[in-house]
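Working notes, beginning with the structure itself.
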Amino acid sequence: DAGVTQSPTHLIKTRGQHVTLRCSPISGHKSVSWYQQVLGQGPQFIFQYYEKEERGRGNFPDRFSARQFPNYSSELNVNALLLGDSALYLCASSWGQINTGELFFGEGSRLTVL
Amino acid sequence: GENVEQHPSTLSVQEGDSAVIKCTYSDSASNYFPWYKQELGKRPQLIIDIRSNVGEKKDQRIAVTLNKTAKHFSLHITETQPEDSAVYFCAASKANNNAGNMLTFGGGTRLMVKP
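Protein chains in written order, with our numbering: chain X, 1 to 114; chain W, 1 to 115.
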């Protein structure tokens, strides 16, 4: 079975630009979460979506938004990029909404903002 | 919100020795505590987890203990091997229909196992 897949794997943007990151969960998983991992730190929760509805939001500005599609894939959008948005963005999928089981992470999208 | 503190930030051991990483959490409602291993440039991968109705769990060379009263949990790796070298993250979560399954991670511990 394919694991969680994310695209693109690497990208470089300049300040003020917009970025869209994509995630496909493991087949059968209905929940997708997004995490930001700044170099040298632990992942920080951004959003969780379950059955296409937002179920959790971390302490991130409104420049960050996300959505989940009928096939359970997801997009993370970041507007008006800042230098501090440079990070590894991790997508994780799980079967259920609550902690009924393991979160499976993708390899991440490494965003560099210049 | 939940706050997870992790110590030490770096840990160097000799091959064959044991390694212990400790975490504390702030929210007494947290009830799920996973540990993730992240190798350089790779995704975090679950190595062991424990729920609040259990005090200890073991899987081969890895064990986790949980003290709910003190709100701390620890990862124990015995007979360390060079391939155990990685960054380890603890995390905490609570089963809550409003909170979903958001994980709050610690800051990570870089474990180095010297041959």
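C-beta: ideal position from N, C-alpha, C; glycine also.
Residue i to residue j span [Cα, whole Å]
| i | j | result |
| --- | --- | --- |
| residue 108 of chain W | residue 19 of chain X | 28 Å |
| residue 30 of chain W | residue 94 of chain W | 4 Å |
| residue 93 of chain X | residue 8 of chain X | 17 Å |
| residue 52 of chain X | residue 114 of chain W | 47 Å |
| residue 103 of chain X | residue 46 of chain W | 8 Å |
| residue 3 of chain W | residue 72 of chain X | 30 Å |
| residue 5 of chain X | residue 33 of chain X | 13 Å |
| residue 56 of chain X | residue 48 of chain X | 5 Å |
Cβ of residue i within 9 Å of any chain W Cβ
| i | result |
| --- | --- |
| residue 7 of chain X | no |
| residue 35 of chain X | yes |
| residue 102 of chain X | yes |
| residue 25 of chain X | no |
| residue 64 of chain X | no |
| residue 111 of chain X | no |
| residue 107 of chain X | yes |
| residue 48 of chain X | yes |
Residue-level contact to chain X via CB, residue i, 9 Å cutoff
| i | result |
| --- | --- |
| residue 102 of chain W | yes |
| residue 73 of chain W | no |
| residue 4 of chain W | yes |
| residue 49 of chain W | yes |
| residue 86 of chain W | no |
| residue 106 of chain W | yes |
| residue 91 of chain W | yes |
| residue 16 of chain W | no |
| residue 55 of chain W | no |
When the options are compared against residue i, the one with the closest alpha-carbon
| i | options | result |
| --- | --- | --- |
| residue 72 of chain W | W/78, W/64, W/79 | W/64 |
| residue 60 of chain W | W/78, W/3, W/86 | W/78 |
| residue 103 of chain W | W/8, W/7, W/36 | W/36 |
| residue 31 of chain X | X/81, X/66, X/82 | X/66 |
| residue 26 of chain W | W/19, W/1, W/115 | W/1 |
| residue 109 of chain X | X/83, X/75, X/103 | X/75 |
| residue 50 of chain W | W/42, W/41, W/69, W/75 | W/75 |
| residue 8 of chain W | W/14, W/45, W/22 | W/22 |
| residue 84 of chain X | X/70, X/37, X/71 | X/37 |
| residue 52 of chain W | W/58, W/32, W/80, W/70 | W/32 |
| residue 15 of chain X | X/81, X/47, X/91 | X/81 |
| residue 66 of chain W | W/17, W/24, W/5 | W/24 |
>> Against chain W, which members of the region 70–86 of chain X pass a CB distance test of less than 8 Å?
In response: For the region 70–86 of chain X, which is checked against every Cβ of chain W, not one residue is closer than 8 Å.
>> At a CB distance below 9 Å, what residues from the region 30–45 of chain W approach chain X? Give them in sequence order.
In response: Listed by position along the chain: 31, 32, 34, 36, 38, 41, 42, 43, 44, 45.
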